[in-house]
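Residue numbers for the sequence shown follow the numbering used here, so the first one is 1 and each next one is one higher.
Glycine is no exception: its CB is placed at the ideal position from the N, C-alpha and C atoms.
For clarity, every value in this text was computed on a predicted model and none was experimentally measured.
In what follows, a structure is listed as structure tokens, so that the remarks can point back to it.
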Amino acid sequence: MFEHLLIPLDGSSLAECVLPHGLAMAQALGARVTLLQVVEQEETASRTRAIDPLEWHYSEAEAGAYLQEVAERLRPAGVSAAQVQLQGEPAERVIDYAQAEHVDLILLGSHGRSGLSGWNVSSVVQKILARAYLSILLIPAYHPATTEISALRYERILVPLDGSQRAECVLPLVGALAAQHGSQVLLAHVVRKPELPRRAPPSREDQELANALTERNRLEASRYLEELRARLSLPAEVRLLVEEHVAATLQQLALEEKVDLVLLSAHGYSGGTRWPYGSLPTSFIMYGNKPLLIVQDLPRQAIEPTAAELAAREYGRH
């Protein structure tokens with residue numbers, strides 16, 4: 001379970017969309033909260049002119065006052081948040097701090113000071129997602145947040161499952177949130193129709209074989225979901241679908257069911273340690289529009305570094 005929540009902010013109202021979720025998580029889990037702002041040195045300024053010490057001091061003072069003001073807004077809800085200021089490149093400093101201070105969950109707004117764009121998440125958030133190797137709560141920041149902060153309720157939580165133990169690592173967290181918020185939990189599984197790659201249309205025998213396999217998988221998934229629901233000490237409904245595209249089906253389900261939170265494991269049945277997230281969480285990051293909580297099921301040392309990361313370690317910046 002999460003004990004230390006990190007909320008990076010950049011002073012924008014878009015980034016503050018995470019604050020109600022931070023309250024909700026802190027209250028449900030009894031976790032401590034740290035507010036973090038990185039004072040960024042303009043790269044162009046460092047190359048063309050000396051940094052103005054007065055201007056730099058003002059930026060730091062402004063960031064400190066801002067974090068203090070946000071912490072005061074959280075206090076009436078019973079959350080006493082620590083405040084941390086750092087200097088440097090935002091994504092790198094957030095990642096370094098999270099790893100050094102044993103952060104369990106990073107709460108991120110999809111966009112911040114740079115404003116909205118056609119991308120589902122900003123470049124800074126993309127970097128943090130790719131390299132933090134921690135559990136992440138990603139909130140779509142499509143509208144500026146209001147100044148008043150109050151904890152929200154997760155009334156409907158969607159939990160995609162594929163039958164693996166990895167995917168089930170989210171269940172203790174689901175139980176804690178559902179108990180705190182009185183949530184209706186939706187356990188969802190998509191039975192994927194078998195692919196029949198052929199130059200010619202599939203034969204009758206091919207189609208019958210595919211249908212038989214689909215039905216067998218559907219029955220097995222139905223038994224699994226019902227057994228799982230019986231084990232859980234919380235009210236839950238089952239959603240079992242048969243479709244060709246798993247990620248698209250689950251995203252459509254999240255919209256149709258009007259869920260408040262999608263909660264899933266970073267990896268599922270396919271496993272693998274080459275990337276920090278499997279294909280389903282990646283799809284939700286890139287194309288989803290619901291609050292998304294990804295529980296990282298692998299320790300940092302188990303995830304293989306990318307070629308770019310290895311090169312950066314060896315050669316540094318040039």
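Mapping the DSSP letters down to three states, classify residue 188 as helix, strand or coil. Numbered from 1 along the sequence shown, position 188 holds the residue referred to as residue 188. Looking at residue 188 - three-state DSSP - the assignment turns out to be strand.
Presumed contact (8 Å Cβ cut-off) between residue 88 and residue 41, rounded CB distance: Here the question's residue 88 lines up with position 88 in the sequence shown. Here the question's residue 41 lines up with position 41 in the sequence shown. With a Cβ gap of about 7 Å, residue 88 and residue 41 count as contacting.
Pick from 103, 218, 155 and 195 that is closest to residue 258, judged by C-alpha positions: Within the sequence shown, the letter at position 258 stands for residue 258. Cα-wise, what sits closest to residue 258 is 155.
Bridge partners - residue 109, DSSP secondary structure assignment: Stepping through the sequence shown from its first residue, residue 109 is reached at position 109. For residue 109, which the question treats as bridged, DSSP gives the partners 139.
Measuring straight from C-alpha to C-alpha, what distance separates residue 60 and residue 218? For the purposes of this step, residue 60 is taken as residue 60 along the sequence shown, with counting starting at 1. For the purposes of this step, residue 218 is taken as residue 218 along the sequence shown, with counting starting at 1. In a straight line, the C-alpha of residue 60 is about 58 Å away from that of residue 218.
Is there contact between the region 178 to 188 and the region 300 to 313, where contact requires at least three CB pairs shorter than 8 Å? no
Residue 46 versus residue 256: straight-line alpha-carbon distance, rounded: The residue labelled residue 46 in the question sits at position 46 within the sequence shown. The residue labelled residue 256 in the question sits at position 256 within the sequence shown. Because the pLDDT at residue 46 is just 48, under 50, the model does not fix this residue reliably, and the value given afterwards should be weighed accordingly. Approximately 50 Å, taken between the alpha carbons.
Looking at the secondary structure, which residues open and close the beta strand (DSSP E) in which residue 313 lies? The sequence position of residue 313 within the sequence shown is 313, counting from 1. From DSSP, residue 313 is part of no beta strand (DSSP E) but of the alpha helix (DSSP H) over 307 to 315.
Rounded to whole angstroms, what is the Cα-Cα separation between residue 131 and residue 95? One-based indexing of the sequence shown puts residue 131 at position 131. One-based indexing of the sequence shown puts residue 95 at position 95. Approximately 7 Å, taken between the alpha carbons.
If we count the other Cβ atoms within 10 Å of its Cβ and call it buried at 16 or more, is residue 251 buried or exposed? Indexing the sequence shown from 1 puts residue 251 at position 251. Residue 251 is buried by the Cβ-count criterion.
Could you check where the alpha helix (DSSP H) with residue 281 kicks off and where it finishes? Counting from one through the sequence shown, the residue named residue 281 turns up at place 281. Residues 279 to 287.
Do residue 79 and residue 33 count as a contact pair if the criterion is CB distance below 8 Å? Numbered from 1 along the sequence shown, position 33 holds the residue referred to as residue 33. Numbered from 1 along the sequence shown, position 79 holds the residue referred to as residue 79. Yes, Cβ-Cβ distance for residue 33 and residue 79 is below 8 Å.
Which whole-angstrom value is the C-beta distance of residue 9 and residue 84, which I expect to be below 8 Å? As a working mapping, residue 9 is identified with position 9 in the sequence shown. As a working mapping, residue 84 is identified with position 84 in the sequence shown. Actually they are not in contact, since the Cβ atoms of residue 9 and residue 84 sit about 11 Å apart, beyond 8 Å.
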